[in-house]
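Input: a single structure, listed below in structure tokens.
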Amino acid sequence: MIAFDWKGVLPAVTTKFTDNDELDFDAFDINLNAQLEAGVDGFILGGSLGEASVLSDQEKYDLLAHTVAFVDGKVPVILNIAEQTTKAAVTCAQKALDNGADGLMLLPPMRYNSEERETITYISTIAKSTPLPIMIYNNPVDYKVEITLNMFEQLAAYDNIQAVKESTRNVSNVTRMINRFGDRFKILTGVDPLAMESLVMGANGWVAGLVDAFPKETVAIYRLVKAKRYDEALAIYRWFLPVLELDIHPKLVQYIKLAEVATGIGTENVRAPRLPLVGAEREKVQKIISDALAVRPVLPVGSWGKISEAVI
Numbered sequence: 002m003i004a005f006d007w008k009g010v011l012p013a014v015t016t017k018f019t020d021n022d023e024l025d026f027d028a029f030d031i032n033l034n035a036q037l038e039a040g041v042d043g044f045i046l047g048g049s050l051g052e053a054s055v056l057s058d059q060e061k062y063d064l065l066a067h068t069v070a071f072v073d074g075k076v077p078v079i080l081n082i083a084e085q086t087t088k089a090a091v092t093c094a095q096k097a098l099d100n101g102a103d104g105l106m107l108l109p110p111m112r113y114n115s116e117e118r119e120t121i122t123y124i125s126t127i128a129k130s131t132p133l134p135i136m137i138y139n140n141p142v143d144y145k146v147e148i149t150l151n152m153f154e155q156l157a158a159y160d161n162i163q164a165v166k167e168s169t170r171n172v173s174n175v176t177r178m179i180n181r182f183g184d185r186f187k188i189l190t191g192v193d194p195l196a197m198e199s200l201v202m203g204a205n206g207w208v209a210g211l212v213d214a215f216p217k218e219t220v221a222i223y224r225l226v227k228a229k230r231y232d233e234a235l236a237i238y239r240w241f242l243p244v245l246e247l248d249i250h251p252k253l254v255q256y257i258k259l260a261e262v263a264t265g266i267g268t269e270n271v272r273a274p275r276l277p278l279v280g281a282e283r284e285k286v287q288k289i290i291s292d293a294l295a296v297r298p299v300l301p302v303g304s305w306g307k308i309s310e311a312v313i
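With my numbering applied, the sequence shown covers 2 to 313.
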């Protein structure tokens, strides 16, 4: 079984498209490079922010193979599995391994709100089919199926189920998981506006969204919290919060891509049925981003950057 530490900042990267609606690897590489320079600890492909629902299977695997080659072993590359059938999910897990993925992020079945027995069977079937380490994506707010503590008790039987992306919107779940399981499951906060709170309560990492536009600030908050430099982290976090709240809107993809354009490391192209922002909504989001950029903080020395060069 492949293993690595589920910790640090893991960007849920956006998928870049050309004006002709093809994968835009040139724009994608600009963003990946900015993330690596900031010192992120891995990449997650094909998540909600990656517009997984509108990517073909081949596009997902092309994106994975490209990212693995670009990263060249510097950090882990994780592929999200968001499928409607168990058969398709098992195939995706195998293709992920074949194309060089280091791990998987796994959602419950899409479209069908599976009950406990069905959810456990779905997840365990995929776990048994692959040597890749797995992070369960627990997001009942958006995907309607909750992985409860009792369900994690059953899933603990599978060694490659190693982590949870905690997106229930309940920060107390970090403590509940630790109280129940100790360090059996690594916990990664998955809700940007609750990230610092979750990290302070013991989360091991941050699956981040606005990192796609603000990689250095995101890494700085994580590292400062882990170094117990809470006041410095909080100053950045309070500045960042209005922007981080863009992560919890149904149009988070459009919002975050607009932020990427503002910071020079992305494009605004989305794939239909999504459409770029227009009118008053666009102006509102643009103002949130512009206001933040106007007072962008100076980050503490050593709070971001490649791990080998970091002070913290």
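Even for Gly, the Cβ is constructed at its ideal location relative to N, Cα and C.
Burial state of residue i, where buried means 16 or more other Cβ atoms lie within 10 Å
i: Q85; result: exposed
i: V279; result: exposed
i: T19; result: exposed
i: P134; result: buried
i: E261; result: buried
i: V302; result: exposed
i: S173; result: exposed
i: Q163; result: buried
i: L33; result: buried
i: A53; result: buried
i: A273; result: exposed
i: P132; result: exposed
i: D292; result: exposed
i: D232; result: exposed
i: V296; result: exposed
Three-way DSSP call (helix, strand, coil) for residue i in this model
i: E167; result: strand
i: Y113; result: coil
i: N139; result: strand
i: I266; result: coil
i: G280; result: helix
i: V41; result: coil
i: I127; result: helix
i: A13; result: strand
i: I148; result: coil
i: F18; result: strand
i: V69; result: helix
i: L294; result: helix
i: L108; result: coil
i: N32; result: helix
i: V55; result: helix
i: L133; result: coil
i: L259; result: helix
i: L156; result: helix
i: V78; result: strand
i: L50; result: coil
i: L64; result: helix
i: L98; result: helix
Proximity below 9 angstroms, CB of residue i to CB of residue j
i: V175; j: A204; result: yes
i: I79; j: M136; result: yes
i: I366; j: L247; result: Here the chain has residues from 2 to 313 only, and residue 366 is not among them.
i: M202; j: Y238; result: no
i: T315; j: V254; result: Because the chain is modelled from 2 through 313, residue 315 falls outside the range shown and cannot be assessed.
i: L50; j: G210; result: yes
i: T149; j: E117; result: yes
i: A39; j: K217; result: yes
i: A35; j: I222; result: no
i: L37; j: V72; result: yes
i: K252; j: E282; result: yes
i: V76; j: R275; result: no
i: P298; j: A236; result: yes
i: D42; j: K8; result: yes
i: D193; j: I121; result: no
i: D103; j: F5; result: yes
i: L65; j: G47; result: yes
i: A214; j: I289; result: no
Residues of its chain near residue i, where Cβ-Cβ distance is below 8 angstroms and the 5 sequence neighbours each way are ignored
i: C93; result: D58, K61, L80, I82, E84
i: L294; result: A263, T264
i: A157; result: F182, R185, F186
i: K129; result: Y159
i: I31; result: I266, G267
Own chain partners of residue i with C-beta closer than 6 angstroms, once the 5 adjacent residues on each side are dropped
i: V208; result: L11, A13, K166, L189, G191
i: F29; result: K17
i: N270; result: F18
i: T87; result: Y123, T126
i: N161; result: M2, A128, P134, I135
i: S199; result: V172, V175, T190
i: Q287; result: none
i: G101; result: V69
i: M106; result: I45, I79, N81, M136, Y138
Own chain partners of residue i with C-beta closer than 7 angstroms, once the 5 adjacent residues on each side are dropped
i: P141; result: E147, T169
i: N1; result: In the structure as shown, the chain starts at 2 and stops at 313, and residue 1 therefore has no counterpart that could be examined.
i: R177; result: L150
Quick check on the DSSP output: what are the complete alpha helix (DSSP H) runs of length 4 or more inside the segment 174-254, in order along the chain? With a minimum length of 4 residues, the continuous alpha helix (DSSP H) runs that stay inside the segment 174-254 are 196-201, 216-227, 231-245.
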